[in-house]
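S.K.: In mature numbering (1 follows the signal peptide of the UniProt record, and there is no 0), the protein residues as written are -34 to -1, 1 to 1173. All C-beta atoms, glycine included, are put in the ideal place defined by N, C-alpha and C. Below are the structure tokens for one structure; questions will follow.
Structure below.
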């Protein structure tokens, strides 16, 4: 590779975009191996990151969506954040708009979002149901089939009519069963989430029927128990968790009221009671499988009622978005979810107009609870609106209604007497235009709600409650009716990072504090700052606003503000203060000039940078020219202190470049310089002749913007201006040799992933052995004698007289003698060797001081002592022949540093498993070796940390699309592992479903069936004793691992509900579960046990951002990763890692490795019969187990609701 290769401004070489990890094996993003022993592909193939085997069909992440929005000029949905009630859009300006709907506005069908459509249709089996609803429900098509069936997460509730039903008449969202009793119709209305069934009693004779005096329904449930709670509310509770899955408000009955008044108000009596209607409560009785409704006998017999009479219960699932109404005339009554009505009134009931009867109703108010998922502290809310549909006003005149942020939440027990405080008014509107219905898209009234949304973000409120009421609650003219379809739309942004790398040329790095002589500059400088927005893609343009202030002698404060044009994200921005058009070329001398910078992405500003300063003194000598062929190629033709900076990203992290400083003054006797800082007295170079140039070598160790500063000092000690040059450094290049040693057993060569230098094995080498990640990360086994080695035919692969890095995974099976894992031959000694010293029982790296007859070896040893229990260890040594140092890393961490003061080039063969000594090779390695890499540069600490991560392999994937009953065990179901096309499932990796756990596979042609979370099916667990387990230990519990699953709770988890765990003998090694942290606050939690003991300490991480949500029909995707060498443990939810969901875990695990438990955890294995608990209640899907650590890019892809068998 040509070391001067560069990329255009704002771009990187492909491996740089991957954080300097994309080119070398082990330096690539995580790679999944679907087979256990197959030969690995070259490691610069990204099998799991963006650009891998498969891609989500739509922009999945915020960054992807922003890029698409900018390109198209239109809003683009962030697919990862979409649900039936929530949608997030990336806007072309780089901001985001998140919408929370009180009611579903779309549903997923066949992997695609479609609008909610509650139009009743007929299915081929004769049943009827809504065309596209969030909650699966079906209704009788006539005959003996159940009147209504509704389901959620494998919980099914069915309601039956005592006799055969006639064929229904369908109209819109209604199905009418005529004359189910004489002069009695049964009308079913469907919404996106629920249904109502109303008996329409048309005559007094019908009202006198025994079947109306007590209305009986058959009631059946799957994984449900039924109860009548206070207020005559019927609830269907999950049998496992006890949480409410479906609920019905107290049923009501009413008469027809005044037809003219109902028509004027737009009220359809089968849906809700007109204001003029007489109302009464209905008694509810539950007798095993029979639900009895007992209408008010007095109202049935009252000759003053106006027929028809309506008897109306409703059924709906629970949700974290809800709405309610309160009525001052019924201060103790609740109207949760408007009692099944689609709209409700605000204001004072109209008693004065002829024919109107309000009964006891007086003032009504409406409240809505909506999700506000803005817990990310980087979010800045810029605006918000609350939209809702108005269906009716009293007379069409403009009358004020106001939106409030409520002081507390609402529940099904909220009524007028206990309503929350109306804390903060948000906005007032006086709408006059109405809509004829409530749909998911016809909101026609908009209130500003910015203040409430900003409060929610600042206080991490997961749900915020809003209220609407009339400003004049004493006048009928303020009457309005609003729907249940409220939408909170919040536009937010993540502002750019605070600007960094502030420099002035002349002047150097930012000066702060008390001014001194280093503040003085000879000319009006160019100001520079590096701007970045880490949350968005590289294409997002930014602008910089520079603010400059000064106070002339005897004058007042002056301010100059200048905003740049747009440049790409991650660029250096310059402001030339000397520019006559935009700058301040006539700045006064000898006064402090202060300056700072803010970044903007067009919608949000960063925090202001630190305030820097300088003092203009035109008598100060000018600065020096700075040149560097590698890092400043555009400045080659310039000999002035002003630096020509290209903005390109130069390949060079870990590679030395030469910087030359040269002053135009002839009396310069020394130069002080600094990198990424101001010149330091400790960094001094002296020219060979006064006024001559000087040079220094320097290697950047990060992929980042950098700068160099220099001061020239003359013979009198007077210092020049500080010159400065900015430059951008991309990631360094790949290894020049890479032997993963994962070759198939019996191989005659070990493949060099770089393709040029295969290694030939000796006869004692055994390929295909388990490596640091088990079988997923293969290795070679060497016997520790003269037959156990691998050697290249090529010579002098790395120039050992120059900086270089060597790395390998090693495992020592014997600790009795010196061993060499990696070396490169010289003529009589190696140029270096990496291995083990029995004298110190430590890892050892050495460099002989010369070839052939070396007097001594420069050596560095590890801090860690190697024992028989040490196991696989990653070693890396960075040899810096410029600074004469060598640094050893053990498992990614610095373990030892020592001097190396001999530089010579060894020109022999590259050796794995031995080292040269005169005419023979010695120090044979006894043990395993894997992933040997050699680099012709300094490998950075971040890269070494990545090298130390074990390779990733998928151990098993259960798509849970089907299950079979095995012939030898008819009491269980078995679901086979899912494999890539053409592969054969391993029966040893079957997942066995116990105690009634089932795989539900809905008919894809049934529009009313509950869809699978992903693919063709999912597993249903009852929360009582259902679970699934693998019989085989899939991943060693002391090694690195990752597990993933998609989970949907049936109801809120009042006690622990475990999604995945892996047991030892006495307790579970890890558990990922839903927990209640108190007061009904649900969280996803990961616990990892230190040892196999019930009293052991545990590491606990909790996701405080993504709240468990049973109403989310897509479920939530959970991923756990554990890095055995760095001890990092992480919990991802829906592809995102919350700050609270990260920890460090240092295990002393001494338990066995057992199979994965799905839906429960071992609580206590010390008893005769081990105790399991935390049974999951709901549905689970897409269970995966990996050895190794999933990277963030792959976690995002796994969170897709599209089946991906290749991951």
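(1) Tell me which same chain residues have a C-beta within less than 6 Å of the C-beta of residue 119, skipping the five on either side of it?
(2) Under three-state DSSP, which class holds residue 266?
(3) Residue 583: which of 473, 665, 859, 403 sits nearest, CA to CA?
(4) Kindly identify the DSSP beta-bridge partner or partners of residue 367.
(5) Grouping DSSP H, G and I as helix and E and B as strand, with all else coil, what is residue 444?
(6) How about the segment 1050 to 1064 and the segment 1158 to 1173: do they share at least three Cβ pairs that are nearer than 8 Å?
(7) What is the rounded straight-line gap between the Cα of residue 147 and the Cα of residue 133?
(8) Give the secondary structure of residue 805 by DSSP, where H, G and I count as helix, E and B as strand, and everything else as coil.
(9) In terms of residues, what are the limits of the alpha helix (DSSP H) holding residue 909?
(10) Relative to the ligand FAD, is the shortest distance from any of its heavy atoms to the C-beta of residue 116 smaller than 8 Å?
(11) By how many angstroms is the C-alpha of residue 467 removed from the C-alpha of residue 546?
(12) DSSP three-state call for residue 1074: helix, strand or coil?
(13) Does residue 971 come out as helix, strand or coil in the three-state DSSP assignment?
(14) Would you report the Cα separation of residue 1 and residue 923, rounded to the nearest angstrom?
(15) Bridge partners for residue 691 per DSSP, in chain order?
(16) Let me check one thing: in DSSP terms, what residues is residue 1050 bridge-paired to?
(17) Do residue 393 and residue 363 come within 9 Å of each other at the CB atom, strictly closer than that value?
(18) What is the DSSP secondary structure of residue 1160, reduced to helix, strand or coil?
(19) Give, in chain order, every unbroken run of the beta strand (DSSP E) that is at least 3 residues long and sits entirely within the segment 1096 to 1146.
(20) State yes or no: is the C-beta of residue 223 within less than 9 Å of the C-beta of residue 314?
(21) Taking the CB atoms as reference points, tell me whether residue 799 and residue 789 lie closer together than 9 Å.
(22) Mind checking residue 555: buried by the 16 CB within 10 Å criterion, or exposed?
(23) Looking only at its own chain, which residues have a Cβ that is under 8 Å from the Cβ of residue 264, when we skip the five neighbours before and after it?
(24) Give the straight-line distance between the Cα atoms of residue 965 and residue 107, rounded to the nearest whole angstrom.
(25) Apart from the five residues on each side of it in sequence, which residues of its chain come closer than 6 Å, Cβ to Cβ, to residue 1212?
(26) Output needed for residue 81: all residues of its chain with C-beta closer than 6 Å, excluding positions within five of it in sequence on either side, in chain order.
(27) What would DSSP say about residue 36, mapped onto helix, strand or coil?
(28) Looking at the structure shown, is residue -17 part of a helix, part of a strand, or coil, going by DSSP?
(29) What number of angstroms, rounded off, separates the C-alpha of residue 979 from the C-alpha of residue 1155?
(30) State the start and end residues of the unbroken alpha helix (DSSP H) segment that holds residue 171.
(31) So, using beta-carbon positions, are residue 162 and residue 279 closer together than 9 Å?
(32) Determine the direct distance from the alpha carbon of residue 90 to that of residue 240, and round the result to whole angstroms.
(33) How many Å lie between residue 995 and residue 1126 at the Cα?
(34) Taking buried to mean at least 16 other C-beta atoms within 10 Å of its own C-beta, is residue 817 buried or exposed?
(35) Is the Cβ-Cβ distance between residue 1174 and residue 815 less than 9 Å?
(36) Would you mind listing the beta strand (DSSP E) stretches within the segment 40 to 76 that are 3+ residues and don't spill past its ends, in chain order?
M.R.: Taking the definition as stated:
(1) The beta carbon of residue 119 is closer than 6 Å to those of 1014, 1016, 1144, 1145 in its chain, skipping five residues each way along the sequence.
(2) Here residue 266 sits in helix by DSSP.
(3) Nearest Cα to residue 583 within the set 473, 665, 859, 403: 473.
(4) 395, 436.
(5) In the structure shown, the three-state DSSP call for residue 444 is helix.
(6) Counting Cβ pairs under 8 Å, fewer than three are found: no touch.
(7) Each residue's Cα considered, the two are about 14 Å apart.
(8) In the structure shown, residue 805 sits in coil (DSSP, three-state: anything other than H, G, I, E or B).
(9) Where residue 909 is concerned, the enclosing alpha helix (DSSP H) stretches over 907 to 913.
(10) With respect to small molecules bound, the structure shown includes none, and the ligand FAD cannot be examined in it.
(11) Between residue 546 and residue 467, the C-alpha separation is close to 25 Å.
(12) When DSSP states are grouped into helix, strand and coil, residue 1074 belongs to the coil group.
(13) The answer is coil: DSSP assigns residue 971 none of H, G, I, E or B.
(14) A caution first: residue 1 carries a pLDDT of 33, below 50, which makes its placement in the model too unreliable to give a value.
(15) According to the DSSP secondary-structure assignment, residue 691 is paired through a beta bridge with 674.
(16) Residue 1050 is bridged to 1040, 1069.
(17) At least 9 Å separates the beta-carbon of residue 363 from that of residue 393.
(18) Annotated three-state conformation of residue 1160 is helix, per DSSP.
(19) Listed in chain order, the complete beta strand (DSSP E) runs (minimum 3 residues) inside the segment 1096 to 1146 are 1102 to 1110, 1127 to 1130, 1137 to 1139.
(20) Note that the C-beta distance between residue 223 and residue 314 is not below 9 Å.
(21) A contact, by the Cβ cut-off of 9 Å.
(22) Answer is exposed; the Cβ neighbour count stays below 16.
(23) Result list for residue 264: 246, in chain order.
(24) About 28 Å.
(25) Outside the modelled stretch of the chain, which goes from -34 to 1173, sits residue 1212, for which no answer is possible.
(26) These residues qualify, in order along the chain: 72.
(27) Helix.
(28) At residue -17 the pLDDT is 26, less than 50, meaning the model places this residue with poor confidence; the figure from the coordinates comes in the next sentence. The answer is coil: DSSP assigns residue -17 none of H, G, I, E or B.
(29) As the crow flies, the alpha-carbon of residue 979 is around 25 Å from that of residue 1155.
(30) Residue 171 -> alpha helix (DSSP H) spans 170 to 173.
(31) In this structure, residue 162 places its C-beta atom within 9 Å of the C-beta atom of residue 279.
(32) Distance between the alpha carbons of residue 240 and residue 90 is about 37 Å.
(33) The alpha-carbon separation between residue 995 and residue 1126 amounts to approximately 9 Å.
(34) That one is buried.
(35) Summary: the structure shown does not reach residue 1174, with the chain confined to residues -34 through 1173, and so no result is reported for it.
(36) Runs of the beta strand (DSSP E) inside the segment 40 to 76: 52 to 56, 62 to 67, 72 to 75.
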